[in-house]
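Residue numbers (this note's numbering): 67 to 141. See below for the structure under consideration.
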Amino acid sequence: MARINVKVIPKASRAEVVGTEGETLKVKLTAPPEGGRANKQLIEVLAKHFKVPKSAITIVKGETSRQKIVEIEGI
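Okay, structure coming up:
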């Protein structure tokens, strides 16, 4: 299990992992930060990037913030 610091950039043109900033993973999302849509898309993007099921990813901290801590099982 790994805990990763994530910086989310919502309403971008493409949904993708764009790299790191120090020890923080930067992720662009097309979804707006409304109604949990960006969080849902974040889990989908991270699952694809790390090749794990979506159920293996949990947002531990930062549900309503651009700075999040995500826990990923299986890596």
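We put the CB at the ideal spot given by N, CA and C, even for glycine.
The region 69-76 makes contact with the region 116-134: 3 or more CB pairs, one atom from each, lie closer than 8 angstroms.
Between A81 and V111, the CB-CB gap stays under 9 angstroms. For L91, the three-state secondary structure derived from DSSP is strand. Excluding sequence positions up to five before and after K127, its CB lies within less than 7 angstroms of the CB of K134 and I135, all in the same chain and listed in chain order. Beta bridge pairing from DSSP links G102 with no other residue.
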